[in-house]
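Asker: Pasting in a structure now, in structure tokens, and then I'll have a few things to ask.
Residue numbers (mature numbering (1 follows the signal peptide of the UniProt record, and there is no 0)): -20 to -1, 1 to 324.
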């Protein structure tokens, strides 16, 4: 892609997200979401492949439907209350707006577009879609969290955790696995949204860090299938070891970064006397743990039958300092969790 065009698209993404973040007005927030949607579509189709075109079309139709629902709900709410303020919502439109924002995020049962879209686009665009594109809808959800319906959030949160676990078990494509991982993590965030929005924000920040570290690592070794990472150990042993630890962090194993949000969410659910919900959530998360452990097993505990005598550095993209920084944060933040919670 032309560097000038790429810069314009990335700048549009930044402007769209910033507009949605700073607005107190539903119309401005909607415009920000639309700019975001339109800016990422050329990035999806920068490699003119039928699969990329299909992914971009699916993404556009889904996001356009969600945006239409947001605009309709905000307009009807303004007609009823006389206000366009984000935090002032009347009862029936809160549910429709929440559903539309969850559709933009890719929460179950409105998740069907996300794995297919991420599978059809390059890793770099998948990184943007899994991290940056989630910021604006999640921020709007956080702003209306005190108005949302608790039963709706719990239902969609649990469904997302289950779908994120079940969907990733039988996958061989790494991008689809990351998509189902994203659905599962968003389920944890939505589950606790009504009880403790601050904890949702903390979880969201750690999710972005861990997912970005994983995508940057995959981009460094140019792998999109499990069979490719199984033979990546001779290329870069240190990077593959780091990737394995980042996967275990995404799974939520102690003492890695990913353990802190899961621990705090379970503690919060117990504190709210929802012991059954906490138990079901922990059991559902075991499904996701299975496919993360499967990936780590393939990467580290199996060796290809013919190990080349040379280290073949030409097959590995040069690791950037950003990859190292994100991987460090994705592994070692757990002891600093209380400090981060105080900041957020």
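Beta carbons are placed, not taken as given, at the ideal position from N, Cα and C, and that holds for glycine.
Measuring alpha carbon to alpha carbon, tell me which of 225, 119 and 162 ends up nearest residue 141.
Answerer: With distances taken between Cα atoms, residue 141 lies closest to 162.
Asker: Since residue 327 contacts residue -6 with CB under 8 Å, what's their CB separation in whole angstroms?
Answerer: Residue 327 is absent from the structure shown; the chain starts at -20 and stops at 324.
Asker: Mapping the DSSP letters down to three states, classify residue 65 as helix, strand or coil.
Answerer: In the structure shown, residue 65 sits in a strand (DSSP, three-state: E or B).
Asker: Counting C-beta neighbours from all protein chains within 10 Å, is the total for residue 232 16 or more, i.e. buried, or is it exposed?
Answerer: Classification for residue 232: buried.
Asker: With the cut-off set at 8 Å, would you say residue 194 and residue 226 are in Cβ contact?
Answerer: Yes. Within cutoff.
Asker: Should residue 228 and residue 236 be called a contact, given that it needs their Cβ atoms to be closer than 8 Å?
Answerer: For residue 228 and residue 236, yes; Cβs fall inside 8 Å.
Asker: Three or more C-beta pairs under 8 Å: does that hold for the stretch 203 to 220 against the stretch 246 to 266?
Answerer: Judged by Cβ distances under 8 Å, the stretch 203 to 220 makes no contact with the stretch 246 to 266, as fewer than three pairs qualify.
Asker: Buried or exposed, going by whether 16 or more other CB atoms sit within 10 Å of the CB of residue 104?
Answerer: That one is exposed.
Asker: Who are the Cβ neighbours of residue 111 in its own chain at under 7 Å, not counting the five residues just before and after it?
Answerer: Result list for residue 111: 188, 191 and 192, in chain order.
Asker: Kindly indicate which residue of -8, 35 and 168 has the alpha-carbon position closest to the one of residue 100.
Answerer: Among -8, 35 and 168, the Cα nearest to that of residue 100 belongs to 35.
Asker: Since residue 98 and residue 159 are thought to touch, with beta carbons under 8 Å apart, how far apart are those beta carbons, to the nearest angstrom?
Answerer: With a Cβ gap of about 4 Å, residue 98 and residue 159 count as contacting.
Asker: Just to confirm my understanding: we take residue 276, look at its own chain, exclude 5 residues before and 5 after, and list those with CB closer than 8 Å. What are they?
Answerer: So the list reads 224, 227 and 228, once near-sequence residues are dropped.
Asker: Residues in its own chain within less than 6 Å of residue -1 by CB, not counting five upstream and five downstream?
Answerer: 9, 12, 13 and 116, listed in sequence order.
Asker: Exposed or buried, what is residue 84 when buried is set at 16 or more other beta-carbons lying within 10 Å of its beta-carbon?
Answerer: So residue 84 counts as buried.
Asker: Please name the residue in 79, 300, 42 and 183 whose C-alpha comes closest to that of residue 317.
Answerer: Comparing Cα-Cα distances from residue 317 to each of 79, 300, 42 and 183, the minimum goes to 183.
Asker: What does the alpha-carbon distance come out to for the pair residue 294 and residue -16?
Answerer: Caution applies to residue 294, whose pLDDT of 48 falls short of 50 and renders its modelled position unreliable; the value that the coordinates give is listed next. Going by the C-alpha atoms only, they are around 29 Å apart.
Asker: State the Cα-Cα distance for the pair residue -4 and residue 282, rounded to the nearest angstrom.
Answerer: So the two alpha carbons sit approximately 42 Å from each other.
Asker: Could you pull out every residue in the same chain whose Cβ sits closer than 6 Å to the Cβ of residue 308, ignoring the five residues on either side in sequence?
Answerer: Counting only Cβ-Cβ distances below 6 Å, and skipping sequence neighbours, we find nothing.
Asker: At which residues does the alpha helix (DSSP H) containing residue 241 begin and terminate?
Answerer: Run containing residue 241: 239 to 251, per the alpha helix (DSSP H) assignment.
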